[in-house]
Amino acid sequence: MKQKWHSLSTATKGLLAGVASAVFLTAYLVTNKYIYNTYDISALQYSLIFAIAGGLFGGLSLTRNMNSRIFAEVKKDVWMFVVLSLASFVAVGLLVIGQRYTTSVNASLIGTTTILTTMFFSAVMMHEHITQRQKLWVVMLFIGMYVGIVGLHRIHISRGDTIILSSEIIFGFVNVLSRKMMRKHGSLIVPNMRLVLAACFAILCSIFFVRNWVVIGQLWPWALVAGMFYWLCMKTFATSVHLINANHAIVLVNSQVVITALAGVLLLGEHYTWEKFIGSVIVLTSIYYITWKGRG
Numbered sequence: 316m317k318q319k320w321h322s323l324s325t326a327t328k329g330l331l332a333g334v335a336s337a338v339f340l341t342a343y344l345v346t347n348k349y350i351y352n353t354y355d356i357s358a359l360q361y362s363l364i365f366a367i368a369g370g371l372f373g374g375l376s377l378t379r380n381m382n383s384r385i386f387a388e389v390k391k392d393v394w395m396f397v398v399l400s401l402a403s404f405v406a407v408g409l410l411v412i413g414q415r416y417t418t419s420v421n422a423s424l425i426g427t428t429t430i431l432t433t434m435f436f437s438a439v440m441m442h443e444h445i446t447q448r449q450k451l452w453v454v455m456l457f458i459g460m461y462v463g464i465v466g467l468h469r470i471h472i473s474r475g476d477t478i479i480l481s482s483e484i485i486f487g488f489v490n491v492l493s494r495k496m497m498r499k500h501g502s503l504i505v506p507n508m509r510l511v512l513a514a515c516f517a518i519l520c521s522i523f524f525v526r527n528w529v530v531i532g533q534l535w536p537w538a539l540v541a542g543m544f545y546w547l548c549m550k551t552f553a554t555s556v557h558l559i560n561a562n563h564a565i566v567l568v569n570s571q572v573v574i575t576a577l578a579g580v581l582l583l584g585e586h587y588t589w590e591k592f593i594g595s596v597i598v599l600t601s602i603y604y605i606t607w608k609g610r611g
């Protein structure tokens with residue numbers, strides 16, 4: 316298997332890693348929703364358990380690859396890692412909490428707005444230019460998201476949709492800071508360290524907020540599955556960014572709106588309409604032109 320992987324071109328590897336990240340993103344969104352549908356657990360308590368589960372896999376990966384040189388490099392930027400991990404902890408927590416009050420399909424559609432918040436923070440923190448064509452397709456993306464979530468009716472966004480939307484603002488900051496740090500520390504260390512430190516924050520919060528230990532004991536196997544998918548999503552996305560580039564990788568990972576829609580209907584019995592389909596198509600088209608064509 317390794318021999319076949321190494322025989323592939325860099326572009327093919329990046330493409331496969333990007334598609335894999337979309338599949339794993341769908342997998343942890345659907346698993347989270349299944350847990351909410353099956354177990355009587357509060358959104359806050361589960362969000363903490365989810366962060367801890369993801370950190371376990373990040374920690375195992377770090378243990379296998381960490382050495383004294385890498386540790387010394389990380390130590391120099393320890394406060395940057397703390398800021399990155401704390402922001403990531405809050406963003407992921409809001410995403411998981413928001414899932415308690417909306418469908419996995421809606422969560423996947425709203426998740427595409429990360430590209431907009433990432434563009435904003437890229438302009439502020441890295442002075443990247445946003446073209447007029449990109450601005451036009453940003454408007455189209457919002458139209459597609461509206462049609463997909465609300466339909467052709469007056470606006471009615473659920474509490475969960477609003478919470479997830481707020482998480483995407485923080486994710487934009489996290490994505491840009493991660494990109495800057497990966498240039499120095501690489502695509503292996505930054506995602507895993509981010510998961511591990513976020514898990515540390517979750518463990519501290521669990522002391523004060525986790526109460527329903529009986530239910531948590533029952534759902535732990537599923538939480539580990541969700542955490543594994545989350546870790547794999549981050550790992551494969553970072554690999555895709557490293558092998559091709561961030562713009563192409565973002566298009567690939569956001570293809571999850573189609574995959575999540577199918578999984579939500581087939582595995583969770585969620586309602587899916589032609590409006591959601593049209594909205595998803597508009598969103599994917601907009602992301603394509605914002606990232607691949609918008610800079611031309």
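Letter by letter, the sequence shown follows residues 316 to 611 in the numbering used here.
Don't be surprised by glycine CBs; every beta carbon is placed ideally from N, CA and C.
Asked                                                                                                                                                                    : Found
Name the residue from Leu492, Leu410, Ala332, Ala553 whose alpha carbon lies nearest to the alpha carbon of Ser437.                                                      : Leu492
Is the beta carbon of Thr575 closer than 7 Å to that of Thr341?                                                                                                          : yes
By how many angstroms is the C-alpha of Lys391 removed from the C-alpha of Gly333?                                                                                       : 31 Å
Could you compute how far the alpha carbon of Ile559 sits from the alpha carbon of Arg526?                                                                               : 45 Å
Determine the burial state of Lys499: buried for a count of at least 16 other Cβ atoms within 10 Å of its Cβ, exposed for fewer.                                         : exposed
Can you tell me whether Ile522 is buried or exposed, with buried defined as 16 or more other CB within 10 angstroms of its CB?                                           : exposed
Buried or exposed for Asn382, please, with buried defined as at least 16 other CB atoms from any protein chain shown within 10 angstroms of its CB.                      : exposed
Please report the Cβ distance between Leu510 and Met543, rounded to the nearest whole angstrom; I am assuming they are in contact, meaning their Cβ atoms lie under 8 Å. : Actually they do not touch by this definition, with Cβ atoms about 11 Å apart.
Take the Cβ of Trp546 as the centre, count every other Cβ of all protein chains shown within 10 Å, and call the residue buried at 16 or more, exposed below.             : buried
I'd like the list of long-range same chain contacts for Leu331, defined as Cβ closer than 8 Å, with 5 residues on each side in sequence excluded.                        : Leu323
Can you tell me the Cα-Cα spacing of Leu480 and Ile504, whole angstroms?                                                                                                 : 28 Å
For the region 407–418 and the region 354–372, state whether three or more C-beta atom pairs, one from each stretch, are separated by less than 8 Å.                     : yes
So, under 8 Å CB-CB, Ser555 and Ala564 are touching, yes? Tell me the CB distance rounded to an integer number of Å.                                                     : 4 Å
I'd like the ranges of any alpha helix (DSSP H) spanning at least 4 consecutive residues and lying wholly in the region 367–421.                                         : 383–391, 393–414
For Ser403, I'd like the list of residues in its chain whose CB is within less than 7 Å of its CB, leaving aside the five on either flank, ordered along the chain.      : Val489, Arg509, Ala513
Using 10 angstroms around the beta-carbon of Pro506, count the other beta-carbons present and answer buried if the total reaches 16, otherwise exposed.                  : buried
Which value, in whole angstroms, describes the spacing of the CA atoms of Ser376 and Thr327?                                                                             : 24 Å
Apart from the five residues just before and just after Leu363, which ones in its own chain have a Cβ nearer than 7 Å to its Cβ?                                         : Ala517, Cys520, Ser521, Phe524, Val525
Return the CA-CA distance between Phe339 and Val566, expressed in angstroms with no decimal places.                                                                      : 15 Å
Excluding five sequence neighbours on each side, which residues of the same chain lie with their C-beta closer than 6 Å to the C-beta of Phe486?                         : Ala406, Thr429
Taking the C-alpha atoms as reference points, what is the distance between Val573 and Asn380?                                                                            : 34 Å
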